[in-house]
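Enquirer: Below you will find the structure I want to go over with you.
Numbering (full-length UniProt numbering), first residue to last: 1 to 231.
Right under this line is the structure:
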């Protein structure tokens, strides 16, 4: 079996369930050593079991991207110190917040959604940019949604933070355009995840793609070789 990511190190956020977990399994299958973050220790262990069942390896870092800043800011140097490199980032973590009219969004809910969907991404870029640039084929794939570009009633906090995330990531992509690092946005479309179920409780899960269905396309963006700079 071909292992195109053998010897490479990949960080996956939101890896305790859903698209992050499925993408981690796919990257592990392709040979990458995984550094997995998520809020659920149990969920990360389940992902780890799935990775190891396919012959992959993983290191688990359970923490909250919004609250555990003391763990987030030194993440890049810590990964390099332990593994000698970082080649791939897949940022799949995100929160929905409360679906409510803009005028009814509470300051706490606004702050929580901004902290995860925007501020955590900015902190990740700050700490991971140096090792990703140092890789001969650095790849950063940040998941997004059409809500960033198509406003919908009651989705104000989620949509606004995703729009901000897209602008931030596209700016980063332009800044590294002359380096080997490729920074990409990826919208997997409607997928049967916990976030989707919360937002659309009456939707038939069977009508949606499953996380394992979209993971190969995300993993393909992480392979060495030419890739789109941003989607």
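No residue lacks a Cβ here, since even glycine has one placed at the ideal position from N, Cα and C.
Take every Cβ of the segment 33-48, pair it with every Cβ of the segment 120-129, and state whether three or more of those distances are shorter than 8 Å.
Expert: Short answer: they don't touch.
Enquirer: Which of helix, strand or coil does DSSP assign to residue 15?
Expert: Of the three classes helix, strand and coil, the one that applies to residue 15 here is coil, per DSSP.
Enquirer: Just curious, the beta strand (DSSP E) that residue 182 is in, first and last residue?
Expert: First-last of the beta strand (DSSP E) with residue 182: 182-186.
Enquirer: Would residue 244 and residue 95 be called neighbours here (beta carbons separated by less than 8 Å)?
Expert: Beyond the ends of the chain as shown, which are 1 and 231, falls residue 244; an answer cannot be given.
Enquirer: Looking at the unbroken beta strand (DSSP E) that takes in residue 34, where does it start and where does it end?
Expert: From DSSP, the beta strand (DSSP E) with residue 34 extends over 33-38.
Enquirer: Just to confirm, is the Cβ distance from residue 55 to residue 131 under 8 Å?
Expert: Contact: no.
Enquirer: How is residue 59 classed by DSSP in three states: helix, strand or coil?
Expert: Strand at residue 59.
Enquirer: Just to confirm, is the Cβ distance from residue 192 to residue 181 under 8 Å?
Expert: No, Cβ-Cβ distance for residue 192 and residue 181 is not below 8 Å.
Enquirer: Could you check where the beta strand (DSSP E) with residue 140 kicks off and where it finishes?
Expert: Start and end: 139-143.
Enquirer: Between 148, 160, 222, 11, which has its C-alpha nearest residue 183's C-alpha?
Expert: The candidate whose alpha carbon is nearest that of residue 183 is 222.
Enquirer: Helix, strand or coil: which one does DSSP assign to residue 160?
Expert: In this structure, residue 160 counts as helix in the three-state DSSP scheme.
Enquirer: Is any beta-carbon of chain C found at less than 8 Å from that of residue 175?
Expert: This model lacks chain C altogether, as it is built from one protein chain only.
Enquirer: Let me know the secondary structure DSSP gives residue 44 once reduced to three states.
Expert: Three-state result, residue 44: helix.
Enquirer: Quick one: residues in its chain with C-beta nearer than 6 Å to the C-beta of residue 179, no 5 flanking neighbours on either side, listed in chain order?
Expert: So the list reads 133, once near-sequence residues are dropped.
Enquirer: Is the distance from the Cβ of residue 31 to the Cβ of residue 5 below 8 Å?
Expert: Yes, these two residues count as a Cβ contact at 8 Å.
Enquirer: Tell whether a beta-carbon distance below 8 Å holds between residue 119 and residue 109.
Expert: Result no, Cβ atoms of residue 119 and residue 109 do not sit closer than 8 Å.
Enquirer: For residue 105, which of helix, strand or coil comes out of DSSP?
Expert: In this structure, residue 105 counts as coil in the three-state DSSP scheme.
Enquirer: List in chain order: all unbroken alpha helix (DSSP H) runs of 4+ residues lying wholly within the segment 61-95.
Expert: Listed in chain order, they are 69-72, 75-83.
Enquirer: Within the same chain, show all residues whose beta-carbon is closer than 8 Å to that of residue 57, passing over the 5 residues directly before and after it, in chain order.
Expert: Result list for residue 57: 28, 33, 34, 51, in chain order.
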